[in-house]
Structures are given as structure tokens and as C-alpha cells.
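Those protein sequences? They're chains G and P, same order as listed. Numbering (this note's numbering) for the first sequence: 1 to 509. Numbering (this note's numbering) for the second sequence: 510 to 1018. Working notes, structure below.
There are 2 protein chains.
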Amino acid sequence: MEQHLEREWELFSGLLAKISGYREAIGLLQWDLRTGAPRKGADVRARTIGTLAGELFRLETSDEMGRYTDLFSRPASSATLTKVQRKIVEDCRKEYERSRSLPPERYEAYTVLAMQSETAWEEAKANDDYASFEPFLQQIVAFKQEFIDYWGVKNTRYDTLLDMYEPGLTTTKVDEVFGRLRSRLVPLVQRIASSANKPKTDFLDGLFDKEQQEKFGVYLLEQIGFDFEAGRADESVHPFATGLNPGDVRITNHYLADNLISSIFSALHEGGHALYEQNIAQELVGTPIAQGASMGIHESQSRLWENMIGRSLPFWKRHFGKLQQHFPEQLARVTPEQFYLAVNKVENSLIRTEADEVTYNLHIIIRYEIEKQIFNEGLSVQDLPAVWNAKYQEYLGITPPSHALGVLQDVHWSGGDFGYFASYSLGNMYAAQMMNTLRRELPDFEELIAAGNLLPIRDWLKEKIYVYGMSETPSEIIERVTGEPLNPDYLADYLEAKYREIYHLEASE
Amino acid sequence: MEQHLEREWELFSGLLAKISGYREAIGLLQWDLRTGAPRKGADVRARTIGTLAGELFRLETSDEMGRYTDLFSRPASSATLTKVQRKIVEDCRKEYERSRSLPPERYEAYTVLAMQSETAWEEAKANDDYASFEPFLQQIVAFKQEFIDYWGVKNTRYDTLLDMYEPGLTTTKVDEVFGRLRSRLVPLVQRIASSANKPKTDFLDGLFDKEQQEKFGVYLLEQIGFDFEAGRADESVHPFATGLNPGDVRITNHYLADNLISSIFSALHEGGHALYEQNIAQELVGTPIAQGASMGIHESQSRLWENMIGRSLPFWKRHFGKLQQHFPEQLARVTPEQFYLAVNKVENSLIRTEADEVTYNLHIIIRYEIEKQIFNEGLSVQDLPAVWNAKYQEYLGITPPSHALGVLQDVHWSGGDFGYFASYSLGNMYAAQMMNTLRRELPDFEELIAAGNLLPIRDWLKEKIYVYGMSETPSEIIERVTGEPLNPDYLADYLEAKYREIYHLEASE
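This is the structure:
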């Protein structure tokens, strides 16, 4: 790199480090608010977060940011950069252009509306009153449509939204993979529903001491290789993971006396997110790519640890004895196999967040199809409940008895997060596809799990995925790791094989 | 206020709110680092704090700040302000001018030196090697001398430093009050030392379970009226209190198995700081005066709760039974009176932070006199150890056997905090003087304490002191509350009366 470019890169790095600092501060302020901040300080805290978020936005969209990203996007200077540096410039430029393309007063109006809309949604859900929420959702959608025009339409209008969560992903690609997945999962779900071999779950119906749940959760985090010197585990209403930097990754869990399963799989789920963040390469720290590659890739790691490892038979053969020690009264007469079956029970249920590994994807596909209809086919907000209910009947064979248990169940749309839902199932598909490669490259995979030796698995994922952070796109990652583009058959194969055995389904059916 | 001034005030308030936001964020980042942040994130965290502190400094010294404070300092516009608004303008202007008067490159050089100097001090203390620290301290003093010239000399050079911690305080005034205090305490300490009636403390020599200590600490905080919905209590290496805003005030404590007394009185000390911060008027939130009036006034509240209430006989008559429940084995055969005597034992010791209520002030007076000699009389840094040891011999009758236990014991000077020490004893004097008024206005003071009814005392302090925050100067507060300027006799009277009884001293001596 020429000397003057080197100097410019140094200055640009200073700006990026500053941006990282603001992100860390905001991350901590939010974490604190959700874990232990006193109630009476919450209003002031919200304003403080607003102040810093405003400053962060100002930095990301500053003339300075424009100047550096313009300079380093030019072929002559871009050619002097490393691949990682080019990715940084690209991402910053994309964010910069996206934000600068919106008239500030429109963005501000949208921010205010989104907050009101979330409040309206909360009330509407509590009162099972879609009509009261509809006008807010109308406006949110109208704003998004307006913004899509500012941002620029990519192939279809909905592509523009998808790209915000999964860079490079198109409606064409999602249609293809979700279509294929749906065509294999709908019959699987039907066969499971008509199977007579239902797992017993009555031993999970009792009450489970919260402190014991917490201890077992910490044990699980230790088992998967969560580094407690580079992170911590706390309690909050809803479990979440937040990476302030790779040396400070925090997860939370909730402990419900009547739901042992929830804290166990939340620990593994958030733990999976955390392993990713803790193992991002040190060289990326202080840049905007010291984070997961996308929502979908991030979710692939939480799902892989939660479901593909955490809901496997060898895992419970190894760890069920430990769980029994924490709950001797409730679990003394249960076998590891019975527990394994119980935590893999499939049910056609109404609520996405409570769904099992198989039906979960159908919940997502329904949301994806509806979002696409809204933005690409002019589906009116007024018609959402009817479309929602029809799809639930078609794919899952059930019709929500209320909107609260139907179209109003998720917060996402109220805040304008259209395009986000797909990430969850993309995560499942990425995970299954990566897992297929992992099992080929670590042939003693099941023995490792059964022996409680999970570190070789974590290290494989670290080397192949985690260290890269956001320095590659999702499609670059999946192709480099597995040798082929995203392919939904791996997930379908995995689910068919696993649940055929659990539900004793005929292979020939 | 005229309309254009109103508009300007609104904009100024926006800047102040932003500054408050940065302070809250930095406060939380530091609190977190000292309570539970994972070790491996500490380096990045330090940089993040640096980023935000830099931005805070930029805001406080911005042209914008200069413009608003200039505008509202002019007689015509100042006349339209309330008293509180004028205090805000004054404080901001003072801070602005102080910071702007330093050449940025000199301030930066000083900041770097101060960090190196603290590290050098740590090593010097560990190795009992004053010579290795001396060159750093030389430079720190030289910088402070240089800065005093930039800041402007107030009466004497040392006054400029005193004023930073205790606005308006002069060397003349401190000479007067410390001189008077010393003349009464030195003989008191001698009489105590030669008394045959030493309190027994052997029952404090055992080990005390940390969890029980923590529970009792929380109990004490509840007793004094700490609001757990507007604050929290955590553990850290050194106890501290930090007010993020009046709705979020956090204290910490440490629990040493071989030192029960430490956690008890730290809870009351930090709790006293916290009561002050929690009860600052809501109207001040978002301004720079939503904090304690000065270091000294703040310390008066921690000392008042720790010593004047917490080390009183009625307090332990009420609460010793509870303490016994936590430590039945160690304390079952101890009476409240014996415990009261034990926690008030006076010893001529070497270390300030471990000193009792009486000798503590002599430790401070020694430091004050030395600092004054450095800045006003040219005492050389090389001669500090000799002067230190001579004063310890003169006032306390002991000579430190090493510099680690002498001149190297405190961190303050290594970081350039000259002028700070005086605050501790000012706090004791303010507290005793306020207490005198409080006892007059709440004549059943001792009965309230004995009945465990501390809220009327807290509410008196709240109404007289806490709600004002920093909207008055220390001297305005002490005169409004007690009807007279700072008077050291209240502290001397209080200590003489209390310890005459404890040590059975002859009144006539």
C-alpha cells in the first residue's frame, strides 16, 4: 500500500474502532437493562441508549465514512487491500449508502412510529384485537415500501429486505429451498402426527428447582466449551446472547419451575451463539466485521448446538446422569433414551417459539410466504389474519382459535422487521449441511459426543466458521465449508432419519 | 425569559443531557469492569471507555459549550435564569475554561504519564522502593505546577488544586480548621493511647462466612433506607459507590472471611454515598449538577452513616441481635456494648484506610500539610519520605518501618490527585456539624436509632441536603443547614465526648 493510502487506512481504522466502542457501550447498556438494572433508572437509561445510538448512526453515516469508503472502493486503492479489508469497506459502504439514501426526517418519523407500533402490538396481542393494531401495521408496511424505493429494488422488492439480514440472499433462492423443504416436511409432519408411537413426557410435568436448573445450565456451557473468562451467564426474562467483543460474550437464560426443558435448550442455544462470538479472530476486533456473518449463519450455530448435538441420543447418554443428580426425585426412574424421546416430541402447535425441530420450519415458511406476498404481490395488511389461518390449516392442519395465538404472536412485524424470519430456517439448513461435512471430517463424531468430548467439534467449527467472523458472506462460508451452495435436502434428510426412528415410521411410506 | 433565550436554553439543555448520557455510559462501563466483566474483555473495554471519555471531554470543551456558557454568563441573560440554572452555567463554564486553558498536547502527555506513573507506583509499593517512583512523581508534580499556571493561581498555588475537589475552599480556611482540629486531636489520641481501658476485640479474630456477611450487609442497606428499586449491591475487590442517575445508584462491598468489620462499615459507608445520590431531585436529572455538591459533602454523608450512626451504641443495641443470628458461633457470648466498644477501638496505626475515626483525621492532616508544602513552599519530591516519617512521629508517635507502609501507601499522588485528601476530613467535619443540627431538630434522635427507625433521619438529610444535589456550593450548604460556616469544633467535641466515655478518660485531664 502506498504511504498516503496507509495513512488513510489508519485514520479509517480509527473511525471503525470508535464505532466498535459505541457498539460495545450500547450493547452493555442494553444487556444491563435486561439483566439487573434497577427499575427506577430505566427511563433515563433508555434516553442514554438513544443518545449513544444517535451518535453511532451519525458516525456510520458521516461524511468521513463516505470519504474513506469512496476512496477505498476505487479500483486503484481497492487493489492494495487484503480480502478482509475489502469486505470491511464493502460492508461499511453498503450501510452508509443504505442509511444516507433515506431522508432523515422520514427515518425519524419511522423510528417514532415503530416504537408506537410495538406498544400497540403488545396491547393488541393482550386483547386479541387485530383491528386495533392493523392501522399501525399498515403504516409500517407503507414506510418499508417507501424505503425499498430509496434503497433500490434488488430483483424483487422483497429481496431488498431479505438482503438486510442475509446479505446476497434472493427471493428466488429462498423460494427454491423453502419450496423443497416444505414439500418434504409437510408429509413428514403428517406421518408423525398419525404415528401411534408418541414419546412419553409425563416426567417433565413436575416442578424443577430453579437453582438446580441454573447449575445444570452452567454445566452445559462448560461442556460445550463456553469460556467463562471471556463471557458470563446471567438471568433475564427472555434468554439472549450478546457479544460485546470476543473477550466479552454474555448469554442469559430464564429458569421456569414448570419448564425444565426450556432452560436446558436455551443454555445450548445461546451457548452456540456465544461460541461463535468468542472465537472470532482477534485481528478483526475493532472492525465492524468482528461479528457473525449473518443472522442465518449465527442461527446455524445456535441450532447446531441446541438441536443437532443437544437433542441427540449420545449427548443424553453422556449427560443425563448429571441431570438426574440435580433432579433425583423427578428423574430417578427415567432412562436417557426416554429423556431423549421426550425432548424430541413433535406436535403441530400454534406458537413458533414453542415449536419442535420439525414443525418449526413450517412456522417460518408460512411467515416468509406471507411477507413475500405483502411486498411483491400487494397482499393487504387487512387480509393477513385470513391468509395466516389458511396457511396454518394447510401446512400444520390446525387453525388458530384467536389472533393472539395466530398472526399477533410475534413482535417482529410491529417493529418493521420484515425479512428476518427466514434466517431462522436458513440457520437450520446451514446447520444440517455443515453437520454433514463435520461428520465426514470427524468420523468419530457420535463417539466424541457420547464421551463428553465436545471440544474437537467446537474447534472444527471454530477453524471453519467462527474465526472468520463476518469476513465472508453467508454463501461464501457455506460453499467453502461444505463444497456446495445451500441445499435444503441435508436438513430434510436429517429430520427424516431422526424422526423416522423416534416415531417408528415405515421407511417405505 | 425571552423567546430566543428560551430556545437557546433548550438547545443548551440538549447538550447537557447528551453529556449526562455519556457520563452514565462511562459509569456503567467502569462499574461493570469492576464487578463482573470477564477478564479477557478488559483491554477492549479500556479502549471503549477511552473512546467515550474522549468524546465526553470534547463535548464539555466544545465551542458549543463555550457559546452557551458565554451567552448565559452575561448579566442580561443571567438575570433571566433561576438560581439552579445559574449554578449549572457557572459549573459548566468553570469546567470549560479549566479544560480549554490547557494546551491539548500537554494534557495528553500528562494523561499518558499519569497512567505510567500509577503502574510505577504499584511496583514501587510492592518492592518498597521509593527511588524508582520518585522520577515519576517529580514529573507529575511538575505538570501540576505547569497546569496551575494555566488554570490561574487562586490566593496560593495549592488553592487552585483544593478548589477542584471542594469548590471555593482555600488554604487559609483549611489551615484554620485543620490547625484547630489537630490541636484538639493530638492530645486526645495521646490520652487514649495511655488509657488502661482498651476495648476487647478478640471475638472479631475468627473467620466469618462471606455469604452471611453479604446478607447482613443487605440488611443494613435496607435499614438505612437504600432503595433497591433505584440501585443494586454487588461485590468487588474494593468497595465503591457510583450514581448513574438517581434511579440507578450502585454500591459494592467486599467480603473478607477474616474481617467482619470491614464489610459491615463498608456497607454503611457506601450506603451513605448512595442515599445522597438516590435522593437528588428529579428536576436535576440530565444536568451536570445531578450529583453530590463536592467530594467533601459526599464524604460527609458516607461518614455520617458509617461512623456517627453506624458506630453508635443505640445502633448496635438495635442490630447486634440480628448480627448474632448470622454468626451465632462467634458472637453468642458477646454483648451489644462489647461489640460497640470493639468497633470503636483507637490505634495509632500506619495505614490511613485502616485507621479509626479519631486518628484518621491526623493521617489526612499530614497529607494536607505535605501537599501544601510541595505546591506553596517548594518541598522537593526527594524529601517527601523524611517529611512523611517525621510528621507520623510527631502526630501519631510512630515511624513507618518502610516506605510501603509510609509515603507509598496511597494511590492518589501517583495519578496526580493532589488536593483530594483534604475532602475526607472535611467530610468528617461537615458530618459532625450537620449531626449537631440534626440532633437539635430531631431531639429523639437516639431513640429513633435504638428503635431501628432510621427513615426520619434519612428524610431530614434528604430534605436538607440530598435533594439539592450540586445546586449549591459546599459552604452554602453547610451554612444553610447548620446556620454557620464550617467549624471543626463540632467534630472535636463529638470525638472527645464519645471516646472519653469509651476509654474512661478523665474529663479534667
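Even for Gly, the Cβ is constructed at its ideal location relative to N, Cα and C.
Item, Value
"One or two residues paired with K215/G in a DSSP bridge", "DSSP output for K215/G lists no bridge partner at all."
"Beta strand (DSSP E) segments (min. 3 residues) lying fully within the stretch 157-209 of chain G", "none"
"Any chain P beta carbon closer than 8 Å to K215/G", "no"
"Proximity below 8 Å, CB of Q382/G to CB of E134/G", "yes"
"Endpoints, the beta strand (DSSP E) within which I760/P is located", "757-762"
"CB of Y360/G within 8 Å of CB of V174/G, strictly", "no"
"Chain P residues whose Cβ lies nearer than 9 Å to that of G231/G", "P547, K549, G550"
"Close-in-space but distant-in-sequence residues of the same chain around Q397/G (CB under 6 Å, 5 per side omitted)", "The sequence shown places Gly at residue 397/G, rather than the Gln named in the question. So the qualifying residues of the chain are N348."
"Beta bridge counterpart(s) of E235/G as assigned by DSSP", "N253/G"
"Cβ-based burial, E1018/P [other Cβ within 10 Å; buried from 16]", "Low local confidence applies: a pLDDT of 46 at E1018/P is under 50, so the model's placement there is unreliable, with the coordinate-based value given in what follows. By the 10 Å Cβ count, E1018/P comes out exposed."
"Cβ pair A267/G, N279/G closer than 8 Å", "no"
"CB-CB length for Y68/G against E122/G, believed under 8 Å", "Contact doesn't hold; Cβ gap of about 41 Å is too wide."
"is_contact[N245/G, chain A] using C-beta, thresh 8 Å", "The structure shown contains no chain A; the protein chains it does contain are G and P."
"Through-space distance from L935/P to F829/P, alpha-carbon basis", "30 Å"
"Test item: CB-CB of Y977/P and I986/P under 8 Å", "yes"
"CB contact flag (R270/G, P246/G, <8 Å)", "The residue asked about is misnamed: residue 270/G is Glu in this sequence, not Arg. Contact: no."
"Span of the beta strand (DSSP E) around T242/G", "241-245"
"Minimum C-alpha distance to T51/G - residue among G805/P, S529/P, Y667/P", "S529/P"
"CB contact below 8 Å: K18/G versus chain P", "yes"
"Same chain, Cβ closer than 6 Å to N436/G, neighbours up to 5 away in sequence not counted", "Y490"
"K854/P (DSSP reduced to helix, strand or coil)", "coil"
"Proximity test, Cβ basis, 8 Å: T751/P and chain G", "no"
"DSSP state of N788/P mapped onto helix, strand, coil", "coil"
"Residue range of the unbroken alpha helix (DSSP H) whose run includes W630/P", "613-636"
"Counterpart residues of N768/P in DSSP-defined beta bridges", "L765/P"
"Beta carbon of S626/P nearer than 8 Å to that of S923/P", "yes"
"Those residues which DSSP pairs with K826/P across a bridge", "Beta-bridge pairing links K826/P to no other residue."
"Among Y674/P, A534/P, Q594/P, nearest to G752/P - alpha-carbon criterion", "A534/P"
"Backbone CA spacing between S475/G and S294/G [nearest angstrom]", "10 Å"
"Chain-ordered chain G contacts of D541/P [CB-CB under 8 Å]", "L28, D32"
"Same chain, Cβ closer than 6 Å to R691/P, five either side skipped, listed in chain order", "I874"
"With 16 other Cβ atoms within 10 Å as the buried cut-off, status of S990/P", "Rather than Ser, the amino acid found at residue 990/P in this sequence is Val. Flag for V990/P reads buried."
"Residue range of the alpha helix (DSSP H) that includes Y877/P", "869-886"
"F737/P burial status per 10 Å Cβ neighbour count (16 or more: buried)", "exposed"
"Contact list for A534/P against chain G, beta-carbon separation under 7 Å", "A25, L29, T48, L52"
"Supposed close pair F327/G, F136/G - CB separation, criterion 8 Å", "With a Cβ gap of about 44 Å, F327/G and F136/G do not count as contacting."
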